[in-house]
Structure formats: structure tokens, C-alpha cells
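Residues in the sequence shown are numbered consecutively from 2, following my numbering. Ideal placement from N, C-alpha and C gives every residue a C-beta, glycine not left out.
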Amino acid sequence: MIELQGLTKRYGDKLAVDGLTCTVRPGIVTGFLGPNGAGKSTTMRMMLDLDSPTAGTVLIDGQHYRQLKDPLRTVGALLDAKAMHGGRSAHNHLLCLAQSNGIPRSRVREVLDTVGLTSVAGKRSKGFSLGMGQRLGIAGALLGDPRILMFDEPVNGLDPEGIHWIRNLMKNLASQGRTVFVSSHLMSEMALTAEHLIVIGQGRLLADTSMADFIAQNSRSYVRLRAPETERLLDVLAGAGITAVTTEDGHLEVDGTEAARLGELAARHQLVLHELSPQQASLEEAFMQLTAESVEYHAHSAPPVGAGAPPGGGAAVPPGGGWGADWRKKGS
Ligand SMILES: Nc1ncnc2c1ncn2[C@@H]1O[C@H](COP(=O)(O)OP(=O)(O)OP(=O)(O)O)[C@@H](O)[C@H]1O
Ligand SMILES: [Mg+2]
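Written out as C-alpha cells, the structure is:
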């Protein structure tokens, strides 16, 4: 278990983490979400005592990190896949970690096998691809067989097979009763992996809730209907006190009434339905909705194709480096 109490980090006048209080529990995968610069990596560094809090505390199974007798056997972490000596082979990198932490040598081969790097164990890690580096970082996290695992964007650079593998790995680790805390910007992946979510924006806690509740609370769910006799269906719904909205493409959308009830109502009036589908927003939509106001770094959107050539013709990058409103203002 990881417990944060009023955790705060200030860099100069930048409040990177602002009074975070939450608990990461064992037995489930907890996703850690937030826009770029929200303070996720800073929080994780403070959990591992790599950065000291300006205020507040982090307890790892009831202890401060520096009080842990065998830190690598208690917490395994992948924060930065590049944080290793590039001149060392994958095997030697892990062996150094094992020997300096009282972990048996045999464990090195085991974790190399687990992450699929056995065939390149003797190769220097500086020649590794991004995905291979991530795998080696994950091997380091698993080395001490820890009860708590922390991964900062672990699927970054992994191929589809690798993403699938790490999803199952995390779920398995959690099902063994371990605490698994993972940040990611890949919402579709997070939706499949995490059971619980901690969401932050500009350093502050925005949500600490189950995945299902997060989506339900931060997005609209409704039922979509399509019928050849739309007007009759609207009358029947209105007669039952149900408000429906007609969309541009001729569908009806109904909030707050279950699909089953709508289907039964239509059947009772012998109305044919071509569609009756409950619509639940995705994690991505719910995340965008919740964090809209705390996104610090907005990209400019690209000008529509055919919207006119940039000043001077050709595909020049506008002053300031980005497409969008700025360029149009300056170019007109
Ligand atoms: N060592 C540092 N010195 C000064 N400012 C820092 C330092 N580390 C982080 N920050 C600032 O703290 C804020 C939080 O950064 P952090 O890296 O924790 O965000 P993040 O949520 O991990 O973002 P991302 O999704 O982009 O990885 C940012 O504004 C960042 O610029
Ligand atoms: Mg980060």
C-alpha cells in the first residue's frame, strides 16, 4: 500500500504537486492519469525518495522509503527507461542491481526471461530500441519480487504484442495481491488495465475512484434509437413522459431511461426499431471532460486542408512553430 498525505512539491514558483492525499491499494491495478505536466512523474519520484517533498509525506507499507531495509524487495519501479549505464549489457545491468540489493543471481535470468530479453542479455543496453529499454526497465522493477510496483508510462515504445504482454503482467501482479501503480496517456489501454483511477491536474487531485464510476460520473450515458416511424416513436415516448432529442442523422437520443424500458415501450405500441443501443462514453472522453480546465499545454489545431496556403506559399512552418490561429492571424 502507498499512502500520500498532503504531498506537495514546489519548484521555485511552480507548484508541481499540490497537497495530494490518497491511497494506492494492493490487489488491483491503479491508473495514474493527468495531462502533460500535471505532476505524475514528480509524485512518483517523491514516492521513491528521489525528490524530497516541500510538504506532506509518503508511506510505503507504513514506512518512509528511506526506512525500508531492502527497498528493491519492497518497491520495484520503472520511472525512466533511459536511466541505466548504456555500456553495460542487459545481464550486467541487472546483476549490478541484484548484487547491491542482496538479490540472488539466479533472479537475473528469470526476469530477463519474463520480459523476453534472454536472447540479447549479453548486448549493451545503449544499442537497445525504446521498447527493449522499457522491457529492461521492467525487468529491473521485477528483480526484487517486490510487493509494490510502480511504472511511469511503461507502454511507451512497446509494440502491440508488448502492450498486450504488459497489460497481462500488471493484472497478474495485482491478482497476486501486489500494489500496482501505473501512469499512462494511452486511455484505451488504461481502460483495459486499471480497475481504479487517481487523476490529477496541475498537481491537484481531481478524482480517486473506480474506473466504472469515473466514466459514469464524468461523461454522459444515453440510449440511441432509430426507427422507421420516428414521429410515432416520439409521440409514444412523450406519452410516457420521456424526452428524446432528434439528431441531425435522424436518430433519437434519450437520457435517463434504460434501453430495456424503451424497447418494451416500443414493442407495446408495435413500433419497429432499427437500433436500440446504450451509449457509454470512453475513458478518453471522460478524462478530457474532467481535465479540460487543467490542461496546461494546448496544441494549435492544424488548418483544414485547402483552407489557403500559408504566407509566402508552400508548407512553411509559421512563426512560433505551430499551425493554427496564431498563423492565420499573422498571415492575414
Ligand atoms: N526538476 C524540476 N525542476 C523544475 N520543474 C520541474 C522539475 N520536475 C518537474 N518540474 C515541473 O513540474 C511540473 C510537473 O511535471 P511532471 O514531470 O511531474 O509532470 P507529468 O504529469 O509527469 O507530465 P507528463 O505527462 O508530461 O510526463 C511541470 O510543470 C514540470 O515542468
Ligand atoms: Mg511524466
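Taken through DSSP and simplified to helix, strand or coil, Q100 comes out as helix.
The bridge partners DSSP lists for D153 are S184. Looking at the backbone, the Cα of P72 and that of Y66 are separated by about 7 Å. The DSSP-derived three-state label of R74 is helix.
Boundaries of the beta strand (DSSP E) around K15: 15-25. The beta-carbon distance between A56 and G7, rounded to whole angstroms, is 6 Å. This is short enough to meet the 8 Å contact definition. Judged by DSSP in its simplified three-state form, D209 adopts strand. Between the C-alpha atoms of K70 and S278 there is a straight-line separation of about 55 Å. The closest heavy atom of ligand 2 lies less than 8 Å from the beta carbon of S184. Shown in chain order are the residues whose CB sits closer than 6 Å to a heavy atom of ligand 1: Y12, K15, A17, G35, N37, G38, A39, G40, K41, S42, T43.
In the three-state DSSP reduction, R148 falls in the coil class, being neither helix nor strand. Per the Cβ contact rule, the region 151-170 is in contact with the region 76-91 (3 or more Cβ pairs under 8 Å).
Ligand 2 approaches E154 closely enough that one of its heavy atoms is under 8 Å from the residue's Cβ.
Annotation note: the region 215-296 contains the following uninterrupted beta strand (DSSP E) runs of length 3 or greater, listed N- to C-terminal: 223-227, 245-247, 253-256, 276-280. Beyond the five residues adjoining it in sequence on each side, L253 comes within less than 8 Å, by CB distance, of R225, L226, R227, A228, T231, L234, L235, L238, A245, V246, T247 in the same chain, given in chain order.
In the structure shown, G163 adopts helical secondary structure according to DSSP, grouped into three states. DSSP links F129 through a beta bridge to no other residue.
When Cβ pairs closer than 8 Å are counted between the two stretches, the region 92-111 is seen to touch the region 137-148, the count reaching three or more.
Excluding five sequence positions before and after K127, the CB atoms of its chain that fall closer than 8 Å to its own CB belong to G87, G88, given in chain order. With contact defined as three or more Cβ pairs closer than 8 Å, the region 170-183 and the region 194-203 are in contact. Shortest Cα-Cα distance from G63 to any of R108, D114, R74, M2 involves M2. Secondary structure note for E4: its beta strand (DSSP E) is the uninterrupted segment 3-12. In this structure L21 does not touch T43 by the C-beta definition: roughly 10 Å separates them, more than the 8 Å allowed. Shown here, G57 sits in a strand according to DSSP, grouped into three states. Within a 10 Å sphere around the beta-carbon of N173 sit fewer than 16 other beta-carbons, which makes this residue exposed.
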